[in-house]
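Counted from 1, the sequence shown has number 189 at position 145 by the numbering used here; the numbering is strictly sequential. Just so it is clear, CB atoms sit at the ideal spot from N, CA and C, and this is done for glycine as well. Read through the structure below, which is laid out as C-alpha cells, and then see the notes.
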Amino acid sequence: MLQSDMLLYLTILYLIEFVRGAALISFLPIYGNKALGLDLDVIGAAITAHYVTDTGLKLAIGYLLDRFSIRTIVAVGSTFSLAGIAALQFADVPWVFITAAAIYGVGISPIWIVCLTKVKEDQRATQMGFLYTIWLVGMGSGPVVINLLLDYSLELTYWVMTGISLAAWLLSLFIKGGRSVHIDTVPFGKQLAILGSRLREMRPLLPGMILQTLGAGMLLPILPTFAVNGLGLTATHYSILLIIGGGCTVIGLIPMGKLSDSFGKKWFLIVGFLAFGIVLFALTQHPPLGLALFWAFVLGVSYAAVLPAWNALLATFVPPGQQGLGWGVFSTVEGIGGIIGPIIGGFIATRYAEASVIGLAGILFILISIFYVFFPIRLFNSEAGPLSAATEETK
C-alpha cells in the first residue's frame with residue numbers, strides 16, 4: 045500500500061510530467077515556431093537550457109532536501125516552472141524564450157525525487173513500477189493532448205499548459221511540512237572518491253551514454269515540424285503516432301524486461317538501437333500514413349526492449365549507500381548528450397532540413413548498436429535489480 049500522502053505526490057508528479065512531455069515534444073517547438081516565429085536553432089537552444097537547469101538541480105537536490113522542508117522545495121520548484129511557462133507568451137525575442145525554458149526546468153526534478161523517498165523498502169519493486177508508470181503516462185499523454193489542442197488553437201493550448209502548471213503549484217501547497225528524507229552521512233569527499241572509481245570502471249559505457257542522449261536530444265526541436273513538413277501529417281495524426289509508440293512502450297516494458305533477464309541484456313540493446321536507426325532512416329523516405337504508423341509501433345517496441353536492459357546495466361555501477369549523489373553524477377554524464385543534442389538538431393534543421401537531423405540521428409543509433417556488439421560481455425553479466433530506485437532518479 046502507498047503511504048497516505050502519496051496520492052498527492054503522484055498527482056503533482058503526473059501534472060508536472062504531463063506539462064514537461066507536452067512542452068518538450070510538442071509545445072515549445074510548435075508554439076515557438078508558429079506563434080512566436082522563432083527559428084529551430086533557437087528552439088533547440090531553449091530545450092538545451094531546460095536540460096541544463098534540470099540537470100544542475102539534480103546535483104543539488106540532496107543538499108536541499110537535507111535543509112528545507114519537502115513542501116518548500118516542491119512549491120518553490122513549481123513556482124519556477126509556472127513562471128517559465130507563463131513567460132512564453134511574452135517570449136518572441138530569442139533570449140527571452142531561452143530564459144523562460146531554463147526557468148521552467150528548475151521545477152522538474154524535486155517532486156520525482158521526493159516520491160522516491162516515500163517508497164517503502166519492503167514494497168520497493170511494486171511501488172517503483174507504479175511510479176515509473178505514472179512518469180511514463182504523464183510524459184506520453186502530455187504531447188498527445190496538446191497536439192490535439194494545437195490543431196484547434198495555439199492560444200488555447202498556451203492557457204491549458206499554464207493552467208495545469210498552476211494546478212500543480214496549488215497542490216504543492218498542501219504538502220505536509222517537515223523533512224522526512226534520510227540523507228547519507230558519508231563525507232562528501234569520500235563519496236566523490238567512490239564515484240571516481242566507479243566512473244573509471246564504467247569508461248566502456250560512457251560513449252553509449254552520451255551518444256544515445258545526443259541522438260534523442262537532436263530530435264526534440266524538430267519532430268513536430270518534420271511530422272508536418274516531412275510526413276505531411278496534421279497535429280492529430282502526430283498524436284496518433286505518439287499514442288501508438290508510447291502505448292507499445294508501456295505495454296512492452298514488463299515482458300521485455302523479463303525477456304532481457306532471461307536471455308541477456310546485450311542483444312536487447314543491440315537490436316533495439318539498430319531498430320531505432322533503421323526506422324529513423326525509413327522516416328526520411330516520407331512514408332504514407334499507414335507505414336508511418338507501423339514505424340511508430342516498431343519504435344515503441346524497440347524502446348521497450350532497450351529501457352529495462354539499459355537501466356539494469358547502468359544500475360550495476362551505482363555505489364551502495366551513495367545512490368543519490370551517484371545518480372546525480374551519472375545522470376549529468378548522460379545529460380551531456382541531452383544538453384548539446386537540441387542545439388545541434390536545431391542548427392542543422394535551420395541550415396539544411398529536418399530530414400537531415402532525422403538521418404543523422406539514425407546513423408548515431410546504428411553506431412551505438414555496433415558499439416554494443418563489441419561491448420565487454422562481463423559487464424552485462426553483473427547482478428542488478430530491474431529498474432532500481434536509483435535508476436529512477438535520472439528522470
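Endpoints, alpha helix (DSSP H) assigned at residue i
i    : result
A131 : 114-131
G308 : From DSSP, G308 is part of no alpha helix (DSSP H); its letter is neither H nor E.
Q329 : Unbroken run through Q329: none, as it is neither H nor E.
V150 : V150 -> no alpha helix (DSSP H), and no H or E assigned at all.
N77  : Per DSSP, N77 belongs to no alpha helix (DSSP H) and is neither H nor E.
L263 : 250-263
A405 : 398-417
R247 : First-last for R247: undefined, no H or E at that position.
G65  : 50-66
T278 : Premise fails: T278 is in no alpha helix (DSSP H) and is neither H nor E.
L200 : 198-216
Cβ pair residue i, residue j closer than 7 angstroms
i    : j    : result
V401 : M262 : yes
A191 : A90  : Per the sequence presented here, residue 191 reads as Asn, with Ala not at that position. No; because the gap between Cβ atoms is not below 7 angstroms, this pair is not in contact.
G389 : I254 : no
S413 : F317 : yes
I383 : T92  : yes
C159 : L51  : no
T293 : A348 : yes
G88  : G186 : no
G403 : L258 : no
G149 : T201 : no
R207 : F62  : Residue identity check: residue 207 is Gly in the sequence provided, not Arg. The answer is no: Cβ separation not under 7 angstroms.
W213 : S122 : yes
L264 : L68  : yes
I314 : V417 : yes
H94  : A145 : yes
Top-ranked residue by Cα proximity to residue i, from the options
i    : options                : result
S125 : I152, S113, D136       : I152
A131 : G121, I147, A119, I117 : I147
A271 : L215, V86, S70         : S70
T328 : D305, E398, H281       : E398
L194 : R247, T269, Y416       : T269
S283 : A336, D305, S306       : A336
Interface flag, residue i vs chain B, CB-CB below 7 angstroms
i   : result
G81 : The structure shown contains no chain B; it is built from a single protein chain.
| field | Segment contact flag, the segment 75-82 with the segment 129-138, C-beta cutoff 8 angstroms, min 3 pairs | value | A contact is defined here as three or more CB-CB pairs under 8 angstroms, and the segment 75-82 meets this definition with respect to the segment 129-138.
| task | Decide if the segment 286-296 is in contact with the segment 329-345; the criterion is three or more beta carbon pairs, one per stretch, under 8 angstroms apart. | result | Counting Cβ pairs under 8 angstroms, three or more are found: they touch.
| request: Please determine if the segment 405-422 and the segment 319-331 are in contact, where contact requires at least 3 C-beta pairs separated by less than 8 angstroms. | output: Under the 8 angstroms Cβ criterion, the segment 405-422 counts as touching the segment 319-331, having at least three qualifying pairs.
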